[in-house]
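For the record, the sequence lines run as chains A and B.
One point on numbering: in numbering that gives the first Met the number 0, the residue at position 95 of the first sequence is 94, and numbering is uninterrupted.
One point on numbering: in numbering that gives the first Met the number 0, the residue at position 149 of the second sequence is 148, and numbering is uninterrupted.
First the structure, in the form of structure tokens, and then the observations on it.
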Amino acid sequence: MSARLVPPGARELPALTDLRLEVRDFLADQVAAGAFVPHVDTWLTRWDRDFTRELGRRGWLGMVVPTQYGGQGRTYLERFVVTEELLVVGAPVAAHWVAERQIGPSLLRYGTEEQKQAFLPGISRGEVVFGIGMSEPDSGSDLASVRTRAERVDGGWRLTGTKVWTSGAHEADAFFALARSAPLDPDDRHAGLTQFIVDLRAPGVTIRPIVSMGGDHHFNEVHLDGVFIPDERVLGEVGQGWSQVTSELAYERSGPERVLSTFQLLAAAAQAMDDGRLPFDPGLGRHVARVAALHHMSFAVSAALEQHEDADTAAAVVKVLGTTEEGDIADYVDTLTATGWALDEHLDTLLHAAVLQRPGFTLRGGTNEILRGVIARGLGLR
Amino acid sequence: MPAQQDATGADRLAAPTNPDPDLVEVLRDLFADYRATRATPTAVVDLDRGLWQRLEDLGMTRLTGSESAGGSGGGWVDAAALLGLAAAAAAPVPLAEHDLLGGWLLEAAGLPNDGGLRTVCRPDPSGVALNVTWARDASRVVALWEDRDEWRVADVPAERIGIEERRNLAGEPSDTVEFDVDDLEAGALVPHEIGEQFHLRGALARSAQVVGAMERILEIVLVHVRERHQFGRPIGRFQAVQHLVADIASETALARAATDAAVARAAASDWRDPGMLFAVGVAKSCVGHAASVVVRSSHQVLGAIGTTLEHELHTLTKPILARRSEYGSLQDWDETLTTLASSAGHDRLWTLITTGRAKPSHDHRSHAP
């Protein structure tokens, strides 16, 4: 039993800070030039393929992908500071987010040589856009209950079923789909699942929007009607889908996007407090302190992952605290504003978006209730 | 990727800040032994001179003193580990007051230190200091005195001060001390930054103590939820209880991350980093708010037995609450952070968070080839 859930802290050294400042300068220029308008939750809601390609040109995508696959051959820590800088400035990063964060590392770990050559250079240039297909209408937190079927046919598989909450599927080129390739074994629910690389323009794929409560379209339902998947587009091993999707969760759960989705709102509130448009309130300091501490904690987890240490529980801690905090920031600023007091269109835009996106923060990527269970398991209670 | 390459890459990018593992092992053994042999908890807590002597024999009471002044030459990373482990054992010894604050002030003022037990305080203009922990036990009290625009340090013998004995929430000595103003005016002049740093050092020392106590509470909670059975199973099997425990663990981890980051910044710069005010504020704020969750939820999980005098829990929860109000209330620190954040404004808030100051850090870029 260890009381220490999160790896010990680490100090960022100048080599990393230099990279951070290089990215920060570029982004400040982009904002000044009007290349994008800073916003909240941009890793889900702001697509800009040109911006994504520009990041690729600058070597800030595919950072952990080896150079022989068109990547940068750099470290997770370097990727960490680049993604932090992109998120705090509210840059439009949704087009590459899933591919860059999950698809690339999964291909590196489980993909065939041909698959790596086929997709990694495009991902690293920001030209190939991926989604992810895990949840289904009847499978949310209980992922092992997926019902999308993969049937063996000559030369490959046919996929039939429906995936939901696939962000950006209407813009993406392909997605990873988790499907049941063998009948459910009640004694081993995690067996018989396989990951497939699905071309979203293939015959039999239908994509319908799921419109969010603010009226905007980010999520989709992806219907697969006997879509043919050639053998060379099976990811990893047939039947090993469960361990493949769960083995990479620490990267997905501990990243800065679990803390910083509303940072632009926090920064706007700090400015409004200085300008007297919001009342001076110690709550701002409390939230800034939590964001700062989460920055250290998230960095510590990244440093541990860099050393190939197990960080699943620590990642769950970051995600529970971070996603709660980014939502609490939205609610906090809402409690400070008095309707009819002063018009602040920019603050209102950020605030309204943040409040409407907030419920999703603690749902996506594993609900906080599931994650508290992960933490409890890490503490030996399960 | 070859592991060797990864290690080299990470070494260049991030520096871990861990305390000396040998020191930690010695301290763990010492405090485990102390916990095993101490008397049952009492409502009033007095200095344990036997434990103090053992710590002194190991060089722990002057861990951060320079070796030329009879100290062990340790840094803040080791000192914070010592404070945390001592607080986890609810050890009634004035480590922060005697070494990190009092010992430091004496060295900064160039005053001799005979090694006798010290506590420390900041008397008001009339020479009175409130809530001075362990004052009745000290052979001398180190006073930091703001005299018009100057800061002075006086090392005043116990026989020259008046003490009104009081106790804090934890039942520890927390006395009112009255000095003769002449003694304070005779103190040695110290630079302004010493006066300013005192509050920060005190606040960070308290944070390290509170985090250590919270980590021990998590251990107690984990043992309890496994051993305590209700409805035919350990209460730790109930999801509602698991979520309380997960929140205790998570808040403690966040407080630990904030405290370690401030300690690492202090150690790397010997407190000269201009970002120390922000770093200490982040620690004090996160620790203070975590304390609310940890104290409330640990008592909830432990049930009625955890509210009794004989139980260990209150020996940790009461000092946590006593210490979080020292060296600035939680509200004071949140207001300080609010001022820093709002002056940083929209464009510099992230710079403040990553460096502790709002000025652009371009001047601090490395120019290594």
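Quick reminder that beta carbons are idealized off the backbone N, C-alpha and C, glycines included.
Whole-Å CB distance - residue i paired with residue j, under 8 Å assumed
i: residue 175 of chain A; j: residue 139 of chain A; result: Incorrect: roughly 18 Å between the Cβ atoms, too far for contact.
i: residue 306 of chain B; j: residue 298 of chain B; result: 7 Å
i: residue 226 of chain B; j: residue 194 of chain B; result: Contact flag wrong, Cβ pair sits at about 50 Å.
i: residue 299 of chain A; j: residue 87 of chain A; result: Not quite, the Cβ-Cβ distance comes to about 18 Å (not below 8 Å), so this is no contact.
i: residue 39 of chain A; j: residue 353 of chain A; result: 5 Å
i: residue 323 of chain B; j: residue 262 of chain B; result: Wrong, their Cβ atoms sit about 17 Å apart, outside the cutoff.
i: residue 335 of chain A; j: residue 277 of chain A; result: 5 Å
i: residue 345 of chain B; j: residue 285 of chain A; result: With 8 Å as the limit, residue 345 of chain B and residue 285 of chain A do not qualify as a contact, their Cβ atoms being about 19 Å apart.
i: residue 84 of chain A; j: residue 23 of chain A; result: 5 Å
i: residue 141 of chain B; j: residue 81 of chain B; result: Not a contact, Cβ separation roughly 19 Å.
i: residue 167 of chain B; j: residue 321 of chain B; result: 4 Å
i: residue 196 of chain A; j: residue 173 of chain A; result: 6 Å
Cut-off 7 Å between Cβ atoms - residues of its own chain near residue i, not counting five sequence neighbours on either side
i: residue 326 of chain B; result: 198, 201, 202 and 205
i: residue 126 of chain B; result: 177, 178, 179, 180 and 183
i: residue 378 of chain A; result: none
i: residue 109 of chain B; result: 187
i: residue 320 of chain A; result: 293
i: residue 252 of chain A; result: 314, 315, 317, 318, 364 and 365
Residue i versus the options, residue with shortest Cα-Cα distance
i: residue 295 of chain A; options: A/206, A/259 and A/41; result: A/259
i: residue 332 of chain B; options: B/279, B/353, B/61 and B/304; result: B/279
i: residue 256 of chain B; options: B/283, B/81 and B/65; result: B/283
i: residue 98 of chain A; options: A/30, A/84, A/43 and A/371; result: A/43
i: residue 150 of chain B; options: B/186, B/166 and B/73; result: B/186
i: residue 329 of chain A; options: A/359, A/308, A/341 and A/311; result: A/359
i: residue 31 of chain B; options: B/215, B/352 and B/252; result: B/215
i: residue 123 of chain B; options: B/147, B/107, B/139 and B/217; result: B/147
i: residue 296 of chain B; options: B/118, B/68, B/219 and B/33; result: B/219
i: residue 210 of chain B; options: B/83, B/40 and B/50; result: B/83
i: residue 261 of chain A; options: A/135, A/129, A/348 and A/164; result: A/348
i: residue 53 of chain B; options: B/291, B/85 and B/64; result: B/85
i: residue 291 of chain B; options: B/59, B/26 and B/251; result: B/251
i: residue 165 of chain B; options: B/175, B/342 and B/281; result: B/175
i: residue 384 of chain A; options: A/11, A/233 and A/74; result: Within the shown structure, residues of chain A are numbered from 0 to 381, placing residue 384 of chain A beyond reach of any answer.
i: residue 257 of chain A; options: A/41, A/33, A/343 and A/25; result: A/41
i: residue 300 of chain B; options: B/12, B/221 and B/59; result: B/221
i: residue 137 of chain A; options: A/241, A/163 and A/127; result: A/163
i: residue 69 of chain A; options: A/25, A/118 and A/18; result: A/118
i: residue 265 of chain A; options: A/244, A/113, A/290 and A/250; result: A/290
Chain-ordered neighbours of residue i on chain E, where CB pairs are closer than 8 Å
i: residue 352 of chain B; result: This model lacks chain E altogether, as its protein chains are A and B.
Per-residue DSSP class, three states only, for residue i
i: residue 5 of chain A; result: coil
i: residue 383 of chain A; result: No information on residue 383 of chain A is available, as it lies outside the stretch 0 to 381 that chain A covers here.
i: residue 71 of chain A; result: coil
i: residue 138 of chain A; result: strand
i: residue 49 of chain B; result: helix
i: residue 371 of chain B; result: Residue 371 of chain B is absent from the model: chain B starts at 0 and stops at 368.
i: residue 220 of chain A; result: strand
i: residue 146 of chain B; result: strand
i: residue 105 of chain A; result: helix
i: residue 38 of chain B; result: coil
i: residue 306 of chain A; result: coil
i: residue 110 of chain B; result: coil
i: residue 307 of chain B; result: coil
i: residue 251 of chain B; result: helix
Sequence-distant residues of its chain with Cβ nearer than 8 Å to residue i (five each side left out)
i: residue 355 of chain A; result: 211, 212 and 213
i: residue 365 of chain B; result: With a pLDDT of only 43 at residue 365 of chain B, under the threshold of 50, the placement of this residue in the model should not be trusted; the figure read from the coordinates follows. So no residue of the chain qualifies.
i: residue 302 of chain A; result: 6, 9 and 76
Residues near residue i in its chain [Cβ-Cβ closer than 6 Å; skip 5 each side]
i: residue 235 of chain B; result: 224 and 225
i: residue 356 of chain B; result: 273 and 274
i: residue 5 of chain B; result: With a pLDDT of 45 at residue 5 of chain B, under the threshold of 50, the predicted position of this residue should be treated as unreliable, and no value is reported.
- Query: Can at least three beta-carbon pairs, one atom from the segment 253-272 of chain A and one from the segment 217-228 of chain A, be found at a separation below 8 Å?
  - Reply: no
- Query: Does the segment 89-104 of chain A come close enough to the segment 224-239 of chain A that 3 or more CB-CB pairs lie under 8 Å?
  - Reply: no
- Message: Taking 8 Å as the cut-off, does the segment 364-379 of chain A touch the segment 312-324 of chain A (at least 3 CB pairs, one atom from each stretch)?
- Response: yes
- Message: Taking 8 Å as the cut-off, does the segment 142-155 of chain A touch the segment 99-115 of chain A (at least 3 CB pairs, one atom from each stretch)?
- Response: no
- Would you check if the segment 61-79 of chain A and the segment 112-130 of chain A touch, i.e. whether three or more CB-CB distances between them fall below 8 Å? Because the criterion of three Cβ pairs below 8 Å is met, the segment 112-130 of chain A and the segment 61-79 of chain A touch.
- Message: Check whether the segment 125-143 of chain B and the segment 79-98 of chain B touch, using three or more Cβ-Cβ pairs below 8 Å as the test.
- Response: yes
- Query: Touch check for the segment 66-85 of chain B and the segment 18-29 of chain B: three-plus C-beta pairs under 8 Å?
  - Reply: yes
- Query: Can you find at least 3 beta carbon pairs, one from the segment 196-209 of chain A and one from the segment 154-174 of chain A, that sit closer than 8 Å?
  - Reply: yes
- Using 8 Å as the Cβ pair cut-off and three pairs as the minimum, do the segment 164-173 of chain B and the segment 40-47 of chain B touch? yes
- Query: How do the segment 368-377 of chain A and the segment 245-262 of chain B stand: do at least 3 beta-carbon pairs fall below 8 Å, yes or no?
  - Reply: yes
- Query: Any contact of the segment 306-324 of chain B with the segment 83-92 of chain B, i.e. 3+ C-beta pairs under 8 Å?
  - Reply: yes
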